Each structure stands twice: as structure tokens, then as C-alpha cells.
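For the protein sequence lines, the chains are A and B, in the order given.
In terms of this note's numbering, the first sequence opens at residue 27 and continues consecutively.
In terms of this note's numbering, the second sequence opens at residue 27 and continues consecutively.
Every residue, glycine too, gets a C-beta built ideally from N, C-alpha and C.
Please read all numbers here as calculations on a predicted model, not as lab measurements.
Read the structure below first, then the notes.
Number of protein chains: 2
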Amino acid sequence: MSLSSESLLSRPSKPLLIVLSGPSGAGKDAVLSRMRETGLSLKYVTTMTTRHRRASERDGIDYRFVATERFQELIKDNELLEFANVYGNWYGVPRKVVREALEEGWDTIVKVDIQGAAAIKKLIPEAVFIFLTPPTIEELKERLHQRKTESAADRAIRSKIAEEEIKQLALFDYIVFNRQGELDIAVEEIEAIIVAEKCRVKPREINL
Amino acid sequence: MSLSSESLLSRPSKPLLIVLSGPSGAGKDAVLSRMRETGLSLKYVTTMTTRHRRASERDGIDYRFVATERFQELIKDNELLEFANVYGNWYGVPRKVVREALEEGWDTIVKVDIQGAAAIKKLIPEAVFIFLTPPTIEELKERLHQRKTESAADRAIRSKIAEEEIKQLALFDYIVFNRQGELDIAVEEIEAIIVAEKCRVKPREINL
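Written out as C-alpha cells, the structure is:
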């Protein structure tokens, strides 16, 4: 296929949909928080959840905390891009927020668990799928055990599920390691991925 | 396909072969020079040529300048990864240097014209192909006319060929604009592409 010189000389600037995922405890929230402080110009889409807010979390930034009734209305109205019940709580990505951000030309990033990434992959295969993970299973387990806000039973379930989740890597485009004490390297790699994706000759076509 | 947890947890660190190309006057040499000063850890493979050295050029860095007889020996011995006669001069990439760098685990970068990139694409489709270009044909023509070391006839030929070359974009993975006064942005984008490529879940398999 030969492209016309026009399509070369204005690099196709279609907005990207970036899906940041990975096992619980990988540090997705810490990465996004650092990116918001200093990073690229992006639209961050906040995941909705029915679970209880942890003390460190801010409504509308870390999650949008909603009542179960409201969440079930959104499911019924097909207003969630993906949703899942994980460990007894609902999580979902508001479809309208993502669609509007892309229509406005924003590169848009959503944070989802691996089930959520798999659901979005089916719906929007041309999104950019990034898998964030600690470098070893041992380090992941260690982090989960340090999370004091969860019960031992929760931790055991999460730890088992994390090993399964790691097997889902094949649906992702990129893997980024979040090593202890090296958050900035993970952030730089994710930003490099976004810059590189914007340099692609063949743009990804998002249909939402 | 599901990957084993081992293949996740040690990110496949195969060395990349990066092919930097683009029309004459795009600024490939300036970009490489800046990258050598401050950039990523890479092996830079110097193109061999039989053309005369310009005053600003350093043998072994900008080009490896060789006699025509020596160049023809290398062709005969199949020791050039690609070679072409452009505007009456020979240019070629020494195969052995590239192979040894990759075997030693270096991410390796070669600079070639667009004919050279097309030749390498056939031989090594899994290399990373980057097209460097000024943002408009007009700016490209402007730069070619500023190159005082060439004759008017040379410039006219190059300018015509440059328009043809731009049509070859489809064989490239990435396009990077080198805007007047913004060399650092082009360098940052190329480095981002290299970082991102090293984060790919499915590594590129180079067979050389």
C-alpha cells in the first residue's frame, strides 16, 4: 500500500485509548497519581465502584464511589464500557465519559483490573493495553500482605487470583515493571509507550 | 495463547534493530549525533560509503569512507546487509558489525536512505523502522537548497527523489517529524519509540 504525501505530512493524530491494568498490588494508582502530577496531557477516566472508600482515597480521583442502586441503573442503561463484580464489589468504566473524551480529541486512560481489560479488549481491540506488574510473584505477594486494610482471607484470595491473572498477559501490548523504589521508571516507560503510539504510521482506529 | 508466568516475569529482552531512515535533508545525522551525546545505550552502526567526505564529517562516525574497490569486495563477499548506488556513490551497511552487535545483546541502530530501509525490510521485517522527516515538503525542499556543498543539479535530483521517497512511508512502523529548531523533540520521540519497543509483550524476533 502506498500512502499519499498528505497522509504522511500530517501525522494522523487520532486520540488513543490507553488501558492500564495489572494485578492488584502492582501500583496502578501510584503510577496514575504520579502521571497526573507531572505527566503528559491526558484525560484520566475514573473508575466507578460500589466498594467502601479507603481512608487514603479521594472520591472522583482514585474512584468514583457510588451506591449499588445507582451502579445497577448504569448497567441497565448500558452506560458502562465494562463492569465486573470483584470480591463482592462492583467496578465499572463509564462509557459516556470515555466516548466524550475521545470525541474531544483527548488521549484517554482508564484503569481496570485484568477482567476489565479482557472485556475492553473484546469491545475495543485497538486500544493500547499496558500490563503493570511487580517484577516477581514474590514481590507481588509481599505487597499484598503489607496492605493492612484487608483481611487475611481477602489477601489469600487476591494472592491466588493474582497468579491466575498473570497468565492473561497475552492480551496486552506492553508490560511495564513497577520495581520497589523505582516508580519513576514505570511512569517514564508508560509515557514513552504513549509517545511512541502517537508516532505510529498506521493509527489505531477506535470505534466506541 | 497463554504465556507461562516465567515469560511474564522476565520481560523478553531481545535486542532491537532500529532502522532510522527518511528523505535526504530530514536531519538523520543531526538526530544521531544528539542521541550519541546524551541518549540511550545503543550500538550505532556506521554506514560505509564511497562518496567524498564533507568537511563537517568524521570518518567512522558520520560514515565509514572507503574506496570503491574495497566496497566492491564487500559486495562480492556478501558482507553488506544492504547496499545501493545513490546519485553515483555507493552506500552500504556492514552485515558483520550489525550481527555481532545484536549477538552481544546491544540494541543496534542503523541509518539508511529509504531504498536501504526497503531492502532491510525484506531481509529483516522485525526490525523497527522509523521514518524521520521535516513536517512539510516545502520545508524539506528549503533545507535541500540550503545545503551549499551540492550542485544545483544534485539538489534538483534530490528534491524530486525526496517527493517519491515520501510515498514509501507504508513500510515504516513510526514517523517522527524533525521541525526546525525542535531537534530535541525528534530525539525524545525516537528514544520513546525504543523504550516502548522494549516493553512489548511479544518481542520482535530478529534473524540475521
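query: Considering only the beta carbon of each residue, do G118 of chain A and L106 of chain A sit closer than 8 Å?; result: yes
query: For D2 of chain A, which residues in chain B fall below 8 Å Cβ to Cβ?; result: Given that chain A is displayed from residue 27 to residue 234, the structure contains no residue 2 of chain A and the question cannot be resolved.
query: Hey, out of A:V71, A:L234, A:F198, whose CA is closest to Q141 of chain A's CA?; result: A:F198
query: Using the Cα positions of V26 of chain B and K228 of chain B, report the straight-line distance between them to the nearest angstrom.; result: The requested residue 26 of chain B is not part of the displayed model; chain B covers only 27 to 234.
query: Can you tell me which of the three DSSP states L107 of chain B falls into?; result: strand
query: CB-CB under 7 Å to Y70 of chain A, same chain, minus the five flanking residues each way: which ones, in chain order?; result: L58, R62, I135
query: Tell me, which residues are paired with S47 of chain B by DSSP?; result: B:F157
query: Taking the beta carbon of S177 of chain A as the centre, do at least 16 other beta carbons fall within 10 Å, making it buried, or is it exposed?; result: exposed
query: Closer than 7 Å by C-beta to C225 of chain B: which residues in its own chain qualify, once you throw out the five before and the five after it? Chain order, please.; result: none
query: Quick check on L34 of chain B: does DSSP put it in helix, strand or coil?; result: Its pLDDT being 41, under 50, L34 of chain B is placed unreliably in this model, and the coordinates cannot settle the point.
query: Can we say the stretch 210-224 of chain A touches the stretch 203-223 of chain B, given the rule of at least three CB pairs closer than 8 Å?; result: yes
query: If I measure Cβ to Cβ from L195 of chain B and keep anything under 7 Å in the same chain, skipping five residues before and after, which residues do I get?; result: F157, I201
query: Does chain B have any CB closer than 8 Å to the CB of E126 of chain A?; result: no
query: Quick check: the Cα distance between E83 of chain A and F91 of chain A, rounded to an integer number of angstroms?; result: 10 Å
query: In three-state terms, what does DSSP make of D180 of chain B?; result: helix
query: With the cut-off set at 8 Å, would you say T64 of chain B and Y89 of chain B are in Cβ contact?; result: no
query: E215 of chain A touches chain B at which residues, Cβ-Cβ below 7 Å?; result: V221, C225
query: Could you tell me the boundaries of the beta strand (DSSP E) in which T134 of chain A lies?; result: 134-137
query: Taking only runs of the beta strand (DSSP E) that begin and end inside the stretch 48-98 of chain A, which ones reach a length of at least 3 residues, in chain order?; result: 69-71
query: Distance check for D103 of chain A and G53 of chain B, CA to CA, integer angstroms please.; result: 53 Å
query: By the criterion of Cβ-Cβ separation under 9 Å, what are the contact partners of A81 of chain A in chain B?; result: Per Cβ cutoff of 9 Å: no residues; A81 of chain A is ~32 Å from chain B at best.
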